[in-house]
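Reviewing the structure listed below.
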Amino acid sequence: MSKYKLIMLRHGEGAWNKENRFCSWVDQKLNSDGMEEARNCGKQLKALNFEFDRVFTSVLNRSIHTAWLILEELGQEWVPVESSWRLNERHYGALIGLNREQMALNHGEEQVRLWRRSYSVTPPPIEESHPYYHEIYNDRRYKVCDVPLDQLPRSESLKDVLERLLPYWNEKIAPEVLSGKTVLISAHGNSSRALLKHLEGTSFLVNDSELEAIQAAIKKVEDQGKVKKAKK
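Pasting the structure below:
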């Protein structure tokens, strides 16, 4: 059975990652360490002789910038890049901008764990009074996406992330992979977890500790849609 290459990675570090805050849809940029992580990832992929045909990112700067830096290291800046909100990080609703440790003190570790780790539990939704509400929903990038602005999420479970991601995977990304093209996805911790869950057909969820910033997961995608790790 023929197999195809798909590279999935999480973006490099940003300031809020370092401060352990829920970044979500706030458009945080890479910090200097994050930019260096992206360049190092590009060097590793270059050493492995990867030549990409298509690149997919979210519409968030940290995802796009990571992809650009990788392509620059590879000398493949000309490769087409397509961005979609459907690859965005999980929408954490009212938790956006908050420190995770402080949240645990205020709400208890078990509640925060449920918000972060369960598959179907949704955090409280973001409201117009939230300090980052207007920054997100007045942004032009969300006025030109494939759903009306009022239908964009105000909070998401991981199940919700997978449901909004799958149409894009099925319609845009999977056909490229299955046609034999080498594809790079530069995304986020939770959108990567959700897609891996679908592709590997697993009931368990990958922990954040297994999706360190910029960690590249080299996969072989089989015809039936399953994903297996490439042999070293």
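Numbering (our numbering), first residue to last: 359 to 590. Where a beta carbon is used, it is the ideal one built from N, C-alpha and C, also for glycine. Computed from a prediction, not measured in an experiment: that's the story for all the values here.
Using the DSSP secondary-structure output, state which residues sit across from residue i in a beta bridge.
| i | result |
| --- | --- |
| Gly372 | Leu388 |
| Asn457 | Arg379 |
| Ala545 | Arg368 |
Span of the alpha helix (DSSP H) holding residue i?
| i | result |
| --- | --- |
| Ala532 | Ala532 to Leu536 |
| Arg412 | Taken as a continuous stretch (DSSP letters only), Arg412 belongs to no alpha helix (DSSP H), being part of the beta strand (DSSP E) at Arg412 to Thr415. |
| Asn517 | Here the sequence assigns Lys to residue 517, which means Asn is not the residue at that position. Segment Leu516 to Tyr526, the alpha helix (DSSP H) holding Lys517. |
| Leu472 | Glu467 to Arg475 |
| Ile494 | Tyr491 to Tyr495 |
Please report the Cβ distance between residue i and residue j, rounded to the nearest whole angstrom; I am assuming they are in contact, meaning their Cβ atoms lie under 8 Å.
| i | j | result |
| --- | --- | --- |
| Ser515 | Ser421 | Contact flag wrong, Cβ pair sits at about 21 Å. |
| Ser382 | His449 | 6 Å |
| Gly455 | Leu427 | About 26 Å separates the two Cβ atoms, so there is no contact after all. |
| Arg458 | Phe380 | 7 Å |
| Leu507 | Tyr490 | Going by Cβ atoms, the distance from Leu507 to Tyr490 rounds to 16 Å, so no, they are not a contact pair. |
Within its chain, find whatever has a CB closer than 6 Å to the CB of residue i; leave out the 5 residues flanking it on each side and keep chain order.
| i | result |
| --- | --- |
| Trp527 | none |
| Phe414 | Glu440, Ile531 and Ile543 |
| Asn419 | Asp385 and Lys387 |
| Glu377 | none |
| Asp411 | Lys539 and Thr540 |
| Leu445 | Ser416, Ala545 and Ser549 |
| Thr480 | Ser513 and Ser515 |
| Cys503 | Trp443 |
| Trp374 | Cys381 and Gln386 |
| Phe562 | Only weak support is given to the placement of Phe562: the predicted model assigns it a pLDDT of 49, under 50, and the value that follows is read from those uncertain coordinates. Answer for Phe562: no residue qualifies. |
| His488 | none |
By Cβ distance below 7 Å, which residues in the same chain neighbour residue i in space, the five residues on each side in sequence not counted?
| i | result |
| --- | --- |
| Val535 | Tyr362, Leu364, Val541 and Val579 |
| Pro483 | Gly451, Ala452, Arg512 and Ser513 |
| Ala462 | Val470 |
| Val519 | Arg448, Asn548, Ser549 and Ala552 |
| Ser478 | Ser515 and Lys517 |
| Glu431 | Arg397, Gly400, Lys401 and Lys404 |
Which residues in the same chain as residue i place their Cβ atom closer than 8 Å to its Cβ, once the five residues preceding and following it in sequence are excluded?
| i | result |
| --- | --- |
| Ser567 | Low per-residue confidence applies at Ser567: pLDDT is 45, beneath 50, and the placement is therefore not dependable enough to give any value. |
| Pro525 | Arg444 |
| Arg474 | Arg458 |
| Ser476 | Ser515 and Leu516 |
May I ask which residues mark the beginning and end of the beta strand (DSSP E) holding residue i?
| i | result |
| --- | --- |
| Thr424 | Run containing Thr424: none in the beta strand (DSSP E); it sits in the alpha helix (DSSP H), Asn419 to Leu432. |
| Glu440 | Val439 to Ser441 |
*Touch test, the stretch 467 to 486 against the stretch 434 to 446, Cβ-Cβ under 8 Å, three pairs minimum*: no
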